[in-house]
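Once you know that position 18 of the sequence shown is 18 in full-length UniProt numbering, the rest is easy, because the numbers rise by one and skip nothing.
Ideal Cβ placement from N, Cα and C applies to all residues, glycine included.
What you are looking at is a predicted structure, and each value in this text was computed from that prediction instead of being measured.
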Amino acid sequence: MMEEHECFNDFQVKLIDIVNQNHQLGDPYSNRKIKQKIMRSLPNRFESKVTTLEENNDYKNMKPSEVIGRLLAYESRKASTTSPPKKQKSIALKTSKIEKEEDNSDEDVALIVKRFEKFLKLQKSGYSSRGNDFKKKTIFKNGEPN
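Now the structure itself:
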């Protein structure tokens, strides 16, 4: 059953899934039965189109895809003629100093990265930075300096 708020395209996807599942189970629907299920499942907003299609002389010879195409076209035409253009609300936003703070934070991050790289460089070269004196570390191997 198609929901009142549901668009026909979503309903079509569900219908195709059901038809394919039945076909895989070995119980395929005939074109006549598919058309009947489509017409019975439509909400009241399609009532006039259903009546028009069923009274059409070619309805018995129509394929389900033709019925679906006509219903899709009907829904799109109806949606374009019945929905008035909605007024969009305009929103005024105030600017703030956040942009300047972000620029400062970028500079802060750059400074931290620069200092960290300098720290890593000193660590790799074997210097310790306790206080102002930089002493080269002595590395011992098997109890003797290397």
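{"Query": "Is it right to say K49 is buried, meaning 16 or more other beta carbons lie within 10 angstroms of its own, or is it exposed?", "Result": "buried"}
{"Query": "So within the stretch 39-81, which uninterrupted alpha helix (DSSP H) runs reach at least 4 residues, ignoring any that extend past its ends?", "Result": "47-55"}
{"Query": "Are there 16 or more other CB atoms within 10 angstroms of the CB of P28, so buried, or fewer, so exposed?", "Result": "exposed"}
{"Query": "Based on the DSSP output, what are the partners of E144 in its beta bridges?", "Result": "K141"}
{"Query": "Consult DSSP for E3 and reduce its assignment to one of helix, strand or coil.", "Result": "coil"}
{"Query": "How many Å lie between A79 and K14 at the Cα?", "Result": "21 angstroms"}
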